[in-house]
Structures are given as structure tokens and as C-alpha cells.
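Basically our numbering = 1-based index in the sequence shown + 491.
A short worksheet on the structure shown next.
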Amino acid sequence: MAAASLKLLCALLLVCISSGACQPCGPSSIQVDQHTTGRSQGFDLEFAVEVKNACSCAQSNVRVFAPGFASQKPVELALFRQDGTGAFVVNGGNAIPPGSTVNFTYWWDHATHFTPASAQPLCR
């Protein structure tokens, strides 16, 4: 009986891990990628940023640290804005569904380093 229960538990754990359903949520499941678009204006380059929720649940209040962030052209505030604590709010604090991304662009002479700071998982 114990051996059968252990096998069932191992099988469930394997399914959970392989499906991504057991992935921890929070800042560790927020992925930030960026690249240049190939567009430039003077010394400034256009950077495209993608903030992805890799959690199996929606997450709200996603914030990232971006020390020294600046842009020569306005960034859409509904997508990315400073929150007054040194972090930046992504998607206006609204939930980002599982596997979804929030995209924005900025213009600067060098790339900014983005680090996920916090997120509120909405798992049920």
C-alpha cells in the first residue's frame, strides 16, 4: 500500500513539474527580455522590452527595478511607470495572465538592466 501511494505521489509530482503547474510564482517567474529594434535617432537606439509572466497563474502588481532608466521618447505610462519607491510598475499594476507578455519600447544610448522586484500571484 505504501509503495503504491509513493508511486502515485511521484507520478503526480512529475506531471506537476513537467506541466509547469508547480512553478513558483512571484518575482522569480517574471522574465524581462529586451533587444534593439534596429531603429536609431542620433546617438539613441530604440529598445523593445518584453515582460513575461512565466507563472501558471496570473500575477498583478508586477514591479521591476531599472536603475538609471531614462528614455528620450515617452514610454506609455499604462505599461511602464515609476512608482515612487525606485521600482517601476508594469501594466499599471493590472494582472498579467499566465504566459502573457507586456511590451513597450524606449529610446536611449544604452540598454537598461531590468530586474524583477515583486509580483502578486493570483493563484486559486
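Where a beta carbon is used, it is the ideal one built from N, C-alpha and C, also for glycine.
Note that the coordinates shown come from a computational prediction; the quantities given were computed from them, not determined experimentally.
Setting aside the 5 residues that flank it on each side, residue 556 is surrounded in the same chain by 578, 606 and 608, each with a C-beta closer than 6 Å to its C-beta; the list follows chain order.
Looking only at 613, 594, 611 and 600, the smallest Cα-Cα distance to residue 525 is reached by 594. Taken in chain order, the whole beta strand (DSSP E) runs of length 3 or more contained in the region 512–558 are 521–532, 535–544 and 550–556. Taken through DSSP and simplified to helix, strand or coil, residue 582 comes out as helix. If you draw a straight line from the Cα of residue 531 to the Cα of residue 552, it comes to about 32 Å.
Cα atoms of residue 516 and residue 539: separation of roughly 24 Å, rounded to the nearest angstrom. Closest in alpha carbon position to residue 521, among 599, 590 and 601, is 590. Rounded to whole angstroms, residue 613 and residue 585 show a C-alpha spacing of 11 Å. Within the same chain, and ignoring the five residues on either side of residue 518 in sequence, the residues whose Cβ sits closer than 7 Å to its Cβ are 607, 608, 609 and 610.
Excluding sequence positions up to five before and after residue 546, its CB lies within less than 7 Å of the CB of 514, 516, 520, 589 and 612, all in the same chain and listed in chain order. The three-state reading of DSSP puts residue 606 in strand, counting E and B together.
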